[in-house]
Amino acid sequence: MKINYRQLSIIVFMSFIALKFLALPSLLYKDSGNMSFLVALVLMLVDGIYVFVILGLMKKSGSRNIYEFMVDCLGKVLAKIILILLLMKYALVVGNISKGLEFFVVENLYPEFHWFVFALPLIMLVGFMTYKGVQNIARVNEMVCWAICIGLIYIAIKAVSGVDPLAYLPFFHDGVGPLLYSGWHHLSWFGSATFMFMLFGLVDFSREKKSQMIRYIIFAILIVQVLYFIFYGLFDITSATHNHCISDVSQFSSGQSVIDELSWLVVSLWVVAQAVQLALFSFCMTRSIKYLFNIESETILSVIVMVYILGWSYLGEITIGLERIFFTTFASTVTAITQYLIPIILLIGYAVNKRKQQNKTYMIKAKTPSERDPSMALHKHAKEQR
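So in the working numbering, spot 363 of the sequence shown is number 366, and the numbers just go up one at a time.
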């Protein structure tokens, strides 16, 4: 069973905003100051371009999955290498989301929780959604998408009155160097289109509307930019200390009335959205493992991912600074290769393979009938002898 183009557009939209409102704004501010929103803007625009690059490859693949498509274009060896790199990217994103969610809920919202009390139900939920497949993930995204959007707009309207525009002055006071460094240092938080590789052959394009994806991507970029403008305008030089953008902005705007407390409902919905993203990239992990090791059992694949998330959560509890090891230069390098280099390699491989097929077809058509069929040549020779 496939998902339709609208569902794919919503999944892309949610992947664009999913990791942008937790720790990322404060991390960006540490490196690039009040111009951090420009880093997010440029990288999201680049991600948007690559969505359409990968989308074009997806259409060219037809009913083939990503592994079959890569084998045809690049050969088995290179296809396996790319799958390993993609698996690394998905594993890093899964680790990032799971630890971010755990830190956000256990240490920020409910500090009385033990990490395992939160991690176990989350892991079981993710395992179930992964087992049910991308159709299940797409439907849940459809259900929470607009509630999340309305909630973010509500929080933005409530908080915008406290924004100080002077917080953005002076512009580029340290030049563009810090922005370039910040973009590379935190590149792993972007690469929002890499999950699309694992949806090859799973999307129905029969009802495609050409402008639909563009509208969703533009909307995602606008939402992120508005919230970042409000976040940096509210907290100015203290932005680096506010590790959870969405909850910090909602707390700033919340008061004592029941309506104001709706901000916390938005925060709770955000936890749900994060869990869905975790399921999406866990699904991508299972597809990568399936193609690499030819494992057909969905149960085994789901269990592998669940054990991985549990192990990552446990390591995070006993290891200080684990994220500093994985989510800096190493993760940025993996992201740069998987999102920005692999699509170009696939485009080149597809073009070369297509050219070879065209040349082969041309050579066959260029031959005479007798050259194409040796029996015809023998018949002609016998006729001449008579």
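The C-beta atom is built at its ideal place from N, Cα and C for all residues, glycine as well. No experiment lies behind these values; they were computed from the predicted model shown.
By the criterion of a C-beta distance shorter than 6 Å, T197 is surrounded in its chain by K92, T341, Q342, once the five residues flanking it on both sides are discounted. In this chain, the alpha helix (DSSP H) harbouring P28 covers 27-35. The three-state secondary structure of N246, taken from DSSP, is coil. Nearest neighbour of I249 by Cα position, chosen from M4, I158, G65, K135, turns out to be I158. Taking 7 Å as the cut-off, the Cβ atoms of V129 and A276 do not count as close. When DSSP states are grouped into helix, strand and coil, N7 belongs to the strand group. Per DSSP, K213 lies in no alpha helix (DSSP H) segment and is marked neither H nor E. Taking a C-beta distance under 7 Å as the contact criterion, M132 and I140 qualify as a contact pair. For E145, same chain residues with a beta-carbon under 7 Å away, outside a window of 5 residues either side, are Q10, I13 in chain order. The closest CA to that of I20, considering only K63, Y317, I100, G65, is found on I100. Membership of D75 in the alpha helix (DSSP H) is indicated by the continuous run 69-77. In the structure shown, V179 falls within a coil segment according to DSSP collapsed to helix, strand and coil.
D251 carries a helical assignment under DSSP once its states are collapsed to helix, strand and coil. Rounded to the nearest angstrom, the Cβ distance from H189 to L27 is 7 Å, consistent with a contact under 8 Å. For the pair R358 and I367, the Cα-to-Cα distance works out to about 14 Å. Residue environment: I87 is assigned as exposed (fewer than 16 neighbouring CB atoms within 10 Å of its CB, all protein chains considered).
Distance from the Cα of F200 is smallest, within the candidate group G136, G154, H176, M61, for M61. DSSP places V163 in the helix class (H, G or I) of the three-state scheme. Each residue's CA atom was taken as its position, placing I221 and K363 some 43 Å apart. Spatial neighbours of K23 in its own chain (CB-CB distance under 6 Å, excluding positions within 5 residues in sequence) are listed in chain order as V227. Per DSSP, G194 lies in no alpha helix (DSSP H) segment and is marked neither H nor E. Counting C-beta pairs closer than 8 Å gives three or more between the stretch 175-191 and the stretch 29-41, which meets the contact rule. The count of Cβ pairs closer than 8 Å, one atom from the stretch 231-243 and one from the stretch 169-179, reaches three, so the stretches are in contact. For the options S18, I6, M288, the alpha carbon positioned closest to that of W273 is the one of S18. The alpha carbon of L350 has as its nearest neighbour, out of E299, F208, K293, F55, the alpha carbon of F55.
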